[in-house]
């Protein structure tokens with residue numbers, strides 16, 4: 001079995017409203033040293049062993065389905 | 101500035117409904133080798149430099165606010 005971890009994050013130029021809310025929450029709890037917060041998604045995939053090129057297949061999944069490439073970046077990490 | 105990445109994932113024993121939906125979507129697109137999918141959150145924090153123990157402070161943030169420790173695990177990575 002192949003494990004793959006995909007991180008999907010909003011592009012840096014875009015306002016991350018969810019991150020701003022979390023930042024305000026942390027300030028309210030007294031963590032004044034928090035300068036910025038950005039929230040993203042982790043997608044952990046387990047793939048059956050096979051003949052496909054995993055990195056290339058997951059890149060295609062991200063392009064077609066897992067990420068909105070207009071506003072999001074993705075980072076693929078093949079774990080084993 | 102200190103950068104910290106926190107991964108918050110649902111505990112393995114719990115059903116991940118969002119992950120199941122993504123898995124079904126990937127199967128519908130023809131990726132039949134996808135065995136399981138789990139979705140989590142990434143929280144990227146930028147902290148101002150200071151005297152606090154970053155690892156310990158972020159662990160406290162997770163316990164109090166960033167994660168629901170009844171159903172979620174978290175993993176803290178101090179990047180620099």
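Chains as they are written, first to last, in the working numbering: chain W, 1 to 80; chain Z, 101 to 180.
All residues carry an ideal CB built from backbone N, CA and C; glycine is no exception.
Going along chain W, which residues have a C-beta under 7 angstroms from residue 136 of chain Z?
Working through the second chain from its first residue, we reach residue 136 of chain Z at position 36. Within chain W, the residues near residue 136 of chain Z are 46.
In chain order, what residues of the same chain lie with their CB nearer than 8 angstroms to the CB of residue 16 of chain W, ignoring the 5 residues before and after it?
Your numbering for residue 16 of chain W matches position 16 in the first chain. Closer than 8 angstroms at the Cβ level, and outside the excluded window around residue 16 of chain W, lie 10, 37, 38 and 39.
9 angstroms Cβ cut-off: residues of chain Z touching residue 11 of chain W
Translated into the one-based positions of the first chain, residue 11 of chain W becomes position 11. Under the 9 angstroms cutoff, chain Z gives no residues; its nearest Cβ is about 13 angstroms from residue 11 of chain W.
So what does DSSP say about residue 70 of chain W, is it helix, strand or coil?
On the first chain, residue 70 of chain W is found 70 positions in, with the first residue counted as 1. Reduced to three states, the DSSP call for residue 70 of chain W is coil.
With a cut-off of 7 angstroms, does the C-beta of residue 150 of chain Z fall near any C-beta of chain W?
To locate residue 150 of chain Z, count along the second chain from 1; it is residue 50. So, interface residue.
First and last residue of the uninterrupted alpha helix (DSSP H) at residue 38 of chain W
Numbered from 1 along the first chain, position 38 holds the residue referred to as residue 38 of chain W. Taken as a continuous stretch (DSSP letters only), residue 38 of chain W belongs to no alpha helix (DSSP H), being part of the beta strand (DSSP E) at 34-47.
Please confirm if residue 30 of chain W has its CB atom under 7 angstroms from at least one CB of chain Z.
The residue you call residue 30 of chain W lines up with position 30 of the first chain. Under the 7 angstroms criterion on CB atoms, residue 30 of chain W is classed as non-interfacial with respect to chain Z.
For residue 164 of chain Z, which residues in chain W fall below 7 angstroms Cβ to Cβ?
As a first step, residue 164 of chain Z is located in the second chain; it is residue number 64 there, counting from the start. Correct list: 29.
Does residue 133 of chain Z pass the burial test, meaning 16 or more other C-beta atoms within 10 Å, or should it be called exposed?
Taking the second chain and counting its residues from 1, one reaches residue 133 of chain Z at position 33. It counts as buried.
Under three-state DSSP, which class holds residue 20 of chain W?
In the first chain, residue 20 of chain W corresponds to position 20, counting from 1. The answer is helix: DSSP assigns residue 20 of chain W an H, G or I state.
Straight-line Cα distance separating residue 4 of chain W from residue 147 of chain Z
Indexing the second chain from 1 puts residue 147 of chain Z at position 47. Indexing the first chain from 1 puts residue 4 of chain W at position 4. Cα-Cα distance, rounded: 29 angstroms.
contact_flag[the region 158-171 of chain Z, the region 50-59 of chain W] where n(CB pairs < 8 angstroms) is 3 or more:
In short, these stretches do not touch, since the Cβ pair count stays below three.
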